[in-house]
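K.L.:
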Amino acid sequence: MLDTAFCQLHRLVWTAIVPLAVFSVFLLILEAFLTQPAIAYVVSIGLTTLTLAVFLYFGKRIRWSFNYTVSPLLIVALGLVIKIAVFVLFPVNFVSDSATYVSLANQLISENSYQHGNTYAYWPPGYPLFLYISHLGIIPVSTSTIFIQNCLIALIASYLIFQLTHKYHSRRAAIIAISIFTFWPTGLFGAPDAYKELLLMTLLLLSVYLYTQKSGVKYHFINGLVLGFCALIQPGTILFVSVFVVLNWFKKLQFTNQLGLFVCLLAGMLSVIAPWSYRNTQVFDQFVMISTNGGSNMYRANNEIATGGYIAKGAIDISHLSELEQDKRGKELAREWIKNNPVDFFHLSFIKMTKFLGDDSTGIYSILKRSAQQPIGEIPYYGLKLGANTFWLLLWLIIFFCREKLYSLITSDHLTATLSLSFLYFFTVHSVFESNAKYHLPAIPMFFILVAILIAERVETFDNK
């Protein structure tokens with residue numbers, strides 16, 4: 006009974022998300038040019054309906070094919086050449102969050118301390134600690150070292166994508182998955198920037214790899230170590246372990262086995278998180294597990310002037326408070342607003358969903374506009390942004406066309422269910438907290454593998470005719 010309900014709910018969620026994603030892409034494009042939100046909504050609904058109908062019609066009549074004999078090394082090498090060209094042609098300076106994380110890492114290297122302004126744990130420590138370790142504690146972090154490091158991280162992600170997809174499906178699906186990841190516009194353009202999401206997505210992919218390909222106490226403990234470091238990078242991932250808990254239940258493992266696996270994962274996570282929690286206890290004289298920014302973030306994302314994306318402060322300014330008081334007061338204000346304004350909260354959640362699903366041009370914005378030493382003109386910028394979102398839209402249209410196969414796989418195939426729940430985890434989290442294009446990045450490799458499997462299934466259908 007519960008298994009059936011879970012499968013039906015899983016199917017229902019994807020049935021809603023796919024057209025919502027297509028709608029969101031059109032909506033965010035139109036909102037940039039139209040001043041009347043109502044008109045943007047109506048036109049987006051019309052374009053979504055038309056696009057889905059046209060793709061459904063022609064998708065059945067086009068022969069799907071893909072050359073899977075090409076070497077994955079050649080694909081990765083070509084992507085690397087493009088990244089090097091972007092790095093050379095568009096020099097950047099670190100700004101915003103990237104600048105803060107690099108500053109914290111260099112502070113660790115030069116002073117062996119962790120502090121930003123008057124805060125000691127507002128910024129999660131995972132990414133600066135990783136930069137400190139990867140730079141051997143002595144090499145200053147720079148745009149060049151970040152670029153080299155990001156290219157190496159992407160190579161590791163490519164390897165994991167290929168191995169995971171090849172083992173669980175086919176070489177064809179693996180080649181498709183690695184091709185999508187390699188030529189993903191944000192990946193091509195974003196390599197020079199210090200954004201933690203690239204590291205986070207690779208570690209989460211490693212976690213999924215360990216969960217699906219390895220068994221036993223040792224590997225579950227190692228997986229816990231990986232998840233623990235993910236939580237230090239982005240505390241919102243601390244409950245990602247719930248994905249594996251749900252999957253273990255779905256696989257109908259004995260309760261004692263489920264409990265044992267969960268304990269191993271939890272032990273690994275605590276082994277990584279506990280030292281930082283102890284440091285925080287020494288600094289604040291009270292328990293702070295990872296960071297103190299949760300309350301501020303939660304309130305800025307849930308108040309009467311919230312937009313669904315980033316805003317500097319909420320309706321009530323709490324920035325004058327200490328970081329601990331901001332954390333506590335922010336959570337109180339957010340919960341109070343949600344409780345007293347349920348309709349506004351759900352409307353705001355819908356807006357957050359559209360921001361999460363409707364754009365995938367983070368790398369282009371970061372390198373060509375926000376961080377660029379010489380930002381490019383509006384016309385080429387919007388042209389590249391449109392290209393990136395067309396790429397993103399096409400992936401969602403493929404899922405829509407292959408939705409029946411998706412529904413079948415998520416109820417019968419262990420890997421597909423894992424990939425699906427991984428993406429839905431971040432979709433759910435950022436329906437409550439702040440949302441924009443960068444927040445779906447941690448689940449991007451899992452999403453790409455999912456699309457690749459569906460394409461491979463469709464190609465095999467034609468090959469067998």
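Residue numbers (this note's numbering): 6 to 470.
For glycine and all other residues, C-beta sits at the position ideal for the given N, C-alpha and C.
On a predicted model such as this, the values are computed, not experimentally measured, just so you know.
Throw me the rounded Cβ distance for the G300 and K357 pair, which I believe falls under 8 angstroms.
P.N.:
That belief does not hold up - the Cβ atoms of G300 and K357 are roughly 18 angstroms apart, past 8 angstroms.
K.L.:
Opposite V97 in the DSSP bridges: which residues?
P.N.:
Answer by DSSP bridge pairing, in chain order: A377.
K.L.:
Under the rule that 16 or more other beta-carbon atoms within 10 Å means buried, what is Y62, buried or exposed?
P.N.:
Exposed.
K.L.:
May I have the straight-line CA-CA distance separating G229 from M206, to the nearest angstrom?
P.N.:
Distance between the alpha carbons of G229 and M206 is about 16 angstroms.
K.L.:
Return the first residue and the last residue of the alpha helix (DSSP H) that C235 is part of.
P.N.:
Run containing C235: V222 to I238, per the alpha helix (DSSP H) assignment.
K.L.:
Taking only the alpha-carbon atoms, compute the straight-line gap between W2 and Y224 and give it to the nearest angstrom.
P.N.:
Lying before the first or after the last residue shown, residue 2 is absent from the chain, which here runs from 6 to 470.
K.L.:
Hey, out of D332, Q218 and S212, whose CA is closest to T242's CA?
P.N.:
It is S212.
K.L.:
The alpha helix (DSSP H) with H171 in it runs from where to where?
P.N.:
Element bounds for H171: T148 to Y173.
K.L.:
Give a yes or no on contact between the region 10-30 and the region 392-405, applying the rule of three or more CB pairs nearer than 8 angstroms.
P.N.:
Yes: the two stretches touch, three or more of their Cβ pairs being nearer than 8 angstroms.
K.L.:
Does the Cβ of V348 have 16 or more other Cβ atoms within 10 Å, making it buried, or fewer, making it exposed?
P.N.:
Exposed.
K.L.:
Using 10 angstroms around the beta-carbon of T54, count the other beta-carbons present and answer buried if the total reaches 16, otherwise exposed.
P.N.:
The residue in question, T54, is exposed, as its Cβ has fewer than 16 Cβ neighbours within 10 Å.
K.L.:
Our contact map puts I323 next to I316 with C-beta atoms below 8 angstroms; I'd like the distance itself, whole angstroms only.
P.N.:
At roughly 13 angstroms, the Cβ-Cβ gap does not stay under 8 angstroms, so I323 and I316 are not in contact.
K.L.:
Assign T124 to one of three DSSP states: helix, strand, or coil.
P.N.:
Three-state result, T124: strand.
K.L.:
Check whether the region 158-174 touches the region 446-453, taking contact to mean three or more Cβ pairs, one atom from each stretch, closer than 8 angstroms.
P.N.:
The answer is yes - the region 446-453 touches the region 158-174, with three or more Cβ pairs under 8 angstroms.
K.L.:
Consult DSSP for L141 and reduce its assignment to one of helix, strand or coil.
P.N.:
Note: L141 maps to coil in three-state DSSP.
K.L.:
So L33 and T286 are supposed to be a Cβ contact under 8 angstroms. How far apart are they, rounded?
P.N.:
Not really, about 43 angstroms apart at Cβ, beyond 8 angstroms.
K.L.:
I need the straight-line Cα distance from W19 to V27, nearest angstrom please.
P.N.:
Each residue's Cα considered, the two are about 13 angstroms apart.
K.L.:
When the Cα atoms are used, what is the spatial distance from A104 to A110?
P.N.:
So the two alpha carbons sit approximately 10 angstroms from each other.
K.L.:
Note the first and the last residue of the continuous alpha helix (DSSP H) segment covering C269.
P.N.:
Where C269 is concerned, the enclosing alpha helix (DSSP H) stretches over F260 to F289.
K.L.:
In its own chain, which residues sit with a C-beta less than 7 angstroms from the C-beta of I321, not counting the 5 before and 5 after it?
P.N.:
So the qualifying residues of the chain are L338.
K.L.:
Under the assumption that C156 contacts K88 (Cβ atoms under 8 angstroms), give the Cβ distance between them as a whole number of angstroms.
P.N.:
Yes, C156 and K88 are in contact; Cβ-Cβ is about 6 angstroms, under 8 angstroms.
K.L.:
Could you tell me which of K333, C269, G265 and G195 sits nearest to T297, measuring between CA atoms?
P.N.:
Cα-wise, what sits closest to T297 is K333.
K.L.:
Could you tell me the alpha carbon to alpha carbon distance between Y455 and F431, rounded to whole angstroms?
P.N.:
Inspection of the sequence shows that residue 455 is occupied by Leu rather than by Tyr. Using only the alpha carbons, I get a separation of about 15 angstroms.
K.L.:
On a CA-only basis, which of N302, S282, M303 and L193 is nearest M294? Give me that one, please.
P.N.:
Cα-wise, what sits closest to M294 is S282.
K.L.:
Assuming contact is defined by CB atoms lying nearer than 8 angstroms, are I372 and G195 in contact in what I supplied?
P.N.:
For I372 and G195, yes; Cβs fall inside 8 angstroms.
K.L.:
Can you tell me which of L208, A179 and I158 puts its alpha carbon nearest to the alpha carbon of Y73?
P.N.:
Of the listed residues, the one whose Cα sits closest to Y73 is A179.
K.L.:
Quick one: is A90 buried, meaning 16 or more other Cβ sit within 10 Å of its Cβ, or exposed?
P.N.:
A90 is exposed by the Cβ-count criterion.
K.L.:
Taking the Cβ atom as the reference point for each residue, do F396 and G64 lie within a distance shorter than 8 angstroms?
P.N.:
Contact flag unset, no.
K.L.:
Could you tell me which of K336, G265, R16 and D290 sits nearest to F249, measuring between CA atoms?
P.N.:
Ranking the options by Cα distance to F249, first place goes to G265.
K.L.:
Going by CA-CA distance only, name the one from R463, P133, H445 and H419 that's closest to C12.
P.N.:
Taking only the C-alpha atoms, the option nearest C12 is H419.
K.L.:
Out of curiosity, what's the CA-to-CA distance linking L329 and F438?
P.N.:
Cα to Cα, L329 sits roughly 19 angstroms from F438.
K.L.:
Hey, out of V464, W69, F60 and S427, whose CA is closest to V251's CA?
P.N.:
Among V464, W69, F60 and S427, the Cα nearest to that of V251 is on S427.
K.L.:
Can you tell me whether E383 is buried or exposed, with buried defined as 16 or more other CB within 10 angstroms of its CB?
P.N.:
With fewer than 16 Cβ atoms within 10 Å of its Cβ, E383 is classed as exposed.
K.L.:
What's the gap between the Cα of L215 and the Cα of L244?
P.N.:
Taking the straight line from one Cα to the other gives about 17 angstroms.
K.L.:
For the alpha helix (DSSP H) holding E330, just list the boundary residues, first then last.
P.N.:
Taken as a continuous stretch (DSSP letters only), the alpha helix (DSSP H) holding E330 covers E328 to N345.
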